[in-house]
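Step one of this worksheet: look at the structure below.
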Amino acid sequence: MLNVSFNYLQGRVPNPLNVAPYADVDLSSNLFEGEKVPFLFQMKPMTGEIPASIGEMLLLLQVIDLSRNNISGNIPSSIWNYSFLKVLDLAYNNLSGEILASLGQLRQLQSLHLNDNKLTGNIPLSFQNLSTLATLDLGNNRFSGHIPL
126 MLNVSFNYLQ GRVPNPLNVA PYADVDLSSN LFEGEKVPFL FQMKPMTGEI
176 PASIGEMLLL LQVIDLSRNN ISGNIPSSIW NYSFLKVLDL AYNNLSGEIL
226 ASLGQLRQLQ SLHLNDNKLT GNIPLSFQNL STLATLDLGN NRFSGHIPL
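Numbering (my numbering), first residue to last: 126 to 274.
See the structure below:
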């Protein structure tokens, strides 16, 4: 586990950020900035062929917490591919754009915090697929349209 939360770290997140596969990484409550945060869950440098299991290793991530930074831009569509993700916390950043409908693929998601950003558009109908979702915070954004029921 790498936990450097609640510090005064600033600048760009190192790329690659060398953490072991399956590691929990908590960079929340810092002063990171940049148009896009680099892919945070990269393996250490390797030689030889790319293992066939590399996608499976990364897809087992359960917690992504990048809250309280200064991250801007759209939410990368690759986040919606983590089918084992239980907690996604991107709150208190400067994220913009729309939430993609592919969010509904996160069937194990229990806690989603996208509050206090600059997200726009409709709340996707695919939210109806999130049957395990217990906590949802979308406050202080620029959403429009109807709430999917």
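The C-beta atom is built at its ideal place from N, Cα and C for all residues, glycine as well.
Note that the structure is predicted; figures quoted are calculated from it, not measured.
Of the listed residues the options, nearest to residue i (C-alpha basis)
{"i": "residue 264", "options": "207, 205, 239, 247", "result": "239"}
{"i": "residue 271", "options": "250, 262, 256", "result": "250"}
{"i": "residue 217", "options": "152, 203, 137", "result": "152"}
{"i": "residue 133", "options": "188, 185, 186, 194", "result": "194"}
{"i": "residue 199", "options": "185, 210, 242", "result": "242"}
{"i": "residue 244", "options": "209, 202, 266, 188", "result": "266"}
{"i": "residue 188", "options": "210, 201, 202", "result": "210"}
Same chain only: Cβ atoms within 6 angstroms of residue i, ignoring 5 sequence neighbours per side
{"i": "residue 236", "result": "212, 260"}
{"i": "residue 179", "result": "With a pLDDT of 47 at residue 179, under the threshold of 50, the predicted position of this residue should be treated as unreliable, though the coordinate-derived value follows. Excluding residues within five positions, none has a Cβ falling inside 6 angstroms."}
{"i": "residue 226", "result": "249, 251"}
{"i": "residue 135", "result": "156"}
{"i": "residue 128", "result": "151"}
{"i": "residue 130", "result": "151, 153, 154"}
beta-carbon residue i near the ligand SAM non-hydrogen atom, thresh 8 angstroms
{"i": "residue 151", "result": "Ligands in the displayed structure: none, and consequently the ligand SAM is not present."}
Residue interval of the beta strand (DSSP E) (run including residue i)
{"i": "residue 275", "result": "Coverage of the chain is limited to positions 126 through 274, which leaves residue 275 absent and any answer about it impossible."}
{"i": "residue 246", "result": "243-246"}
{"i": "residue 219", "result": "219-222"}
{"i": "residue 234", "result": "No beta strand (DSSP E) holds residue 234; DSSP gives it neither H nor E."}
{"i": "residue 134", "result": "It is not in any beta strand (DSSP E) - residue 134 carries neither H nor E in the DSSP assignment."}
{"i": "residue 204", "result": "Per DSSP, residue 204 belongs to no beta strand (DSSP E) and is neither H nor E."}
{"i": "residue 200", "result": "Counting along the chain, residue 200 falls outside any beta strand (DSSP E), and DSSP gives it neither H nor E."}
{"i": "residue 213", "result": "212-214"}
{"i": "residue 189", "result": "188-190"}
Cβ-based neighbour list, residue i, same chain, cut-off 8 angstroms, excluding 5 preceding and 5 following
{"i": "residue 246", "result": "222, 223, 224, 268, 269, 270"}
{"i": "residue 192", "result": "153, 154, 214, 215, 216, 217, 218, 238"}
{"i": "residue 256", "result": "232"}
{"i": "residue 262", "result": "216, 237, 238, 239, 240"}
Integer Cβ distance of residue i from residue j, believed to fall under 8 angstroms
{"i": "residue 220", "j": "residue 204", "result": "Not really, about 11 angstroms apart at Cβ, beyond 8 angstroms."}
{"i": "residue 231", "j": "residue 207", "result": "7 angstroms"}
Cutoff 7 angstroms; reference residue i; Cβ partners in own chain excluding five residues on either side
{"i": "residue 186", "result": "166, 207, 209, 210"}
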